[in-house]
Structure formats: C-alpha cells, structure tokens
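Q:
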Amino acid sequence: MKALSRRFFDRDPRQVSRDLLGKILVRGRGEMMGRIVETEAYLGADDAAAHAAAGRTSRNSVLWGPPGHAYVYFIYGNYFCLNVSCLPDGVAGCVLLRALEPLAGFEEMARNRGMETSFEPRSLRLLTSGPGRLCEAMEITRERDNGADMTLRSSQLWIADDGHRPRKIVVTPRVGITKSAEAPLRYFIYGNEFVSGPKGARAGRR
DNA sequence: ATATCGATTATCT
DNA sequence: GATAATCGATATG
C-alpha cells in the first residue's frame with residue numbers, strides 16, 4: 780500500500796478533509812489499521828475554533844510547519860486528539876481525525892481501550908468511533924507522535940491509500956466547539972456504522 | 001433514546 | 001483562574 784504524498788496535504792483543509800475519507804491510518808508496519816470515516820477541517824487565523832487562531836505557540840507549532848505531519852494535543856485532562864497539518868510551510872491549517880473503521884489489530888485496540896476483545900459490531904464501534912477513542916485505541920500520544928511525518932511508510936504513524944473511494948459524503952457543523960460552531964466543516968461517510976455520535980447523526984441529521 | 005454532568009490537566013489569559 | 005476539537009456514567013421519558 781502506498782503512503783499519501785506531501786502534495787495531498789498541501790491543500791485547503793476542507794479539500795483534504797473530504798479526500799481523507801476512505802484512506803487508512805496505519806500504526807507502524809500495520810500492527811493496527813483503521814479506515815478514516817469522519818473528519819473535521821480547521822483553518823487558520825480566520826477560524827475562531829482552530830488552535831491556530833491563538834497564534835503560533837509551542838503547543839501548536841506543528842500547524843505552521845510543512846504539510847502531512849501529525850499534530851497531537853491533550854484535551855479535557857484525559858484524551859488526545861490527532862490532526863494532520865495542511866497547506867505549505869508557514870501557513871496554518873489541519874484536519875482532525877474523528878472516527879475510524881477498525882481494519883487490523885482488534886485485540887491490541889481493545890487492550891488499549893481497556894475492553895474485552897469482541898467481534899460484535901457494538902463493541903467494535905466503541906474502539907475507534909470518536910477522536911479520543913481512536914487515539915487511545917492506537918496508542919497515539921503527544922509525546923510519542925506529535926510532529927510525525929505521516930507521508931512516510933517508515934513513520935510510526937502514517938496514512939495509506941488502498942484505492943477505496945466512499946460512495947457518499949455528508950457535511951455538517953463541527954462537534955464540541957463553541958466558537959464558529961455553525962460552519963459546515965465536518966465530513967463523514969454516509970451511513971457508515973463507525974461515525975461518532977448516535978445513529979440518527981450518522982445519516983446526516985442533527 | 002436523549003439529556004445532563006463530572007473527571008482531570010495542559011495551556012493560555 | 002478559566003477553558004477545552006471528549007467520554008462514560010447516570011438519570012429520566
């Protein structure tokens with residue numbers, strides 16, 4: 780499987796968010812893998828909800844670096860969230876990965892999540908359907924993964940394209956923010972069981 | 001099925 | 001000192 784190119788990420792986060800749906804997040808050489816089914820775009824200084832709006836700090840400096848790198852931050856005293864930087868070096872912007880469909884490494888994911896391994900759809904959903912959950916399942920932390928180059932197969936964390944293309948994509952406002960809360964910048968694969976939130980929301984309702 | 005609430009800490013004002 | 005790109009538990013219909 781091929782890793783996505785630098786150029787893929789050197790674009791507007793809205794376009795990258797859309798095109799990341801169906802791609803595969805890979806841990807190491809494939810010990811754990813999940814198909815990306817839900818994303819959100821975060822823009823630059825003009826996007827009040829984006830960390831980039833606060834200006835460049837030691838926490839968010841990856842956002843201003845070259846495209847295709849992991850921006851991992853700690854939130855609510857408990858969880859990590861994984862983003863991929865977009866746009867050229869010097870320009871901020873990123874995509875938040877919100878949900879994965881597990882493809883490989885079920886047992887390790889379950890262990891990391893403190894769950895019994897089960898192949899029931901109910902349980903599989905709990906592994907990676909949410910930004911905090913997917914990071915816990917794939918052992919993504921700031922210390923370990925922040926700044927990783929996700930365009931290299933040699934990285935501990937990278938993104939692959941297996942040729943899969945989603946059938947239909949839905950766009951809604953982003954989840955869990957208070958500023959710029961109405962902007963339609965959340966993207967997900969229509970009807971996919973692993974999209975976060977209650978069942979109705981997966982069909983595009985809110 | 002939906003609503004509300006508390007946990008817990010890095011980061012910024 | 002307040003806030004936060006979340007989650008899981010608990011309460012209520």
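Each number in this note's numbering comes from the position in the first sequence (counting from 1) with 779 added on.
Ideal Cβ placement from N, Cα and C applies to all residues, glycine included.
Treat the numbers as computed from the prediction; the structure is a model and nothing was measured.
Are C860 and P792 closer than 8 Å when you measure CB to CB?
A: In this structure, P792 does not lie closer than 8 Å to C860 by Cβ.
Q: Tell me the rounded alpha-carbon separation between M888 and E899.
A: Between M888 and E899, the C-alpha separation is close to 14 Å.
Q: Between the alpha carbons of R965 and A878, how many angstroms are there, rounded?
A: Cα-Cα distance, rounded: 11 Å.
Q: Hey, L783 and I919: beta-carbon distance below 8 Å or not?
A: No, the Cβ-Cβ distance between L783 and I919 is not below 8 Å.
Q: Is the Cβ-Cβ distance between D928 and G847 less than 8 Å?
A: In this structure, G847 lies closer than 8 Å to D928 by Cβ.
Q: From the DSSP output, in three-state form, read off L964 for me.
A: L964 falls in the coil class under three-state DSSP.
Q: Using 10 angstroms around the beta-carbon of E987, count the other beta-carbons present and answer buried if the total reaches 16, otherwise exposed.
A: Nothing can be reported for residue 987: it is not among the residues displayed for the chain, which extend from 780 to 985.
Q: Hey, quick one: how far does the beta strand (DSSP E) through R814 stretch, first residue to last?
A: M811 to Y821 is the span of the beta strand (DSSP E), which, as asked, contains R814.
Q: Return the residue from the list L876, M812 and G809 that minimises the CA-CA distance to R797.
A: Measuring from the Cα of R797, the nearest candidate turns out to be L876.
Q: Apply the 10 Å Cβ neighbour rule to K978 and answer buried if 16 or more other Cβ atoms are within range, or exposed otherwise.
A: With fewer than 16 Cβ atoms within 10 Å of its Cβ, K978 is classed as exposed.
Q: Is the beta carbon of R944 closer than 8 Å to that of G801?
A: Going by C-beta atoms, G801 is nearer than 8 Å to R944.
Q: Determine the burial state of N862: buried for a count of at least 16 other Cβ atoms within 10 Å of its Cβ, exposed for fewer.
A: Buried.
Q: First and last residue of the alpha helix (DSSP H) that includes D924?
A: Run containing D924: R921 to D924, per the alpha helix (DSSP H) assignment.
Q: Which residue marks the beginning of the alpha helix (DSSP H) containing T907, and which one marks its end?
A: Start and end: P900 to T907.
Q: Is there at least one non-hydrogen atom of the ligand FAD closer than 7 Å to the beta-carbon of A916?
A: The model depicted lacks the ligand FAD and carries no ligand whatsoever.
Q: Kindly indicate the opening and closing residues of the alpha helix (DSSP H) around A806.
A: The sequence shown places Arg at residue 806, rather than the Ala named in the question. Counting along the chain, R806 falls outside any alpha helix (DSSP H), though it belongs to the beta strand (DSSP E) covering I803 to R806.
Q: Enumerate in chain order the residues of its own chain whose CB-to-CB distance from M780 is below 6 Å, with the five nearest sequence positions on each side excluded.
A: These residues qualify, in order along the chain: A939 and D941.
Q: Is there contact here, the stretch 819 to 832 with the stretch 955 to 963, by at least three beta-carbon pairs under 8 Å?
A: They touch, by the three-pair rule.
Q: Let me know if E895 comes out buried or exposed under the rule of 16 or more other beta-carbons within 10 Å of its beta-carbon.
A: E895 should be labelled exposed.
Q: Is DSSP giving S796 helix, strand or coil here?
A: Note: S796 maps to helix in three-state DSSP.
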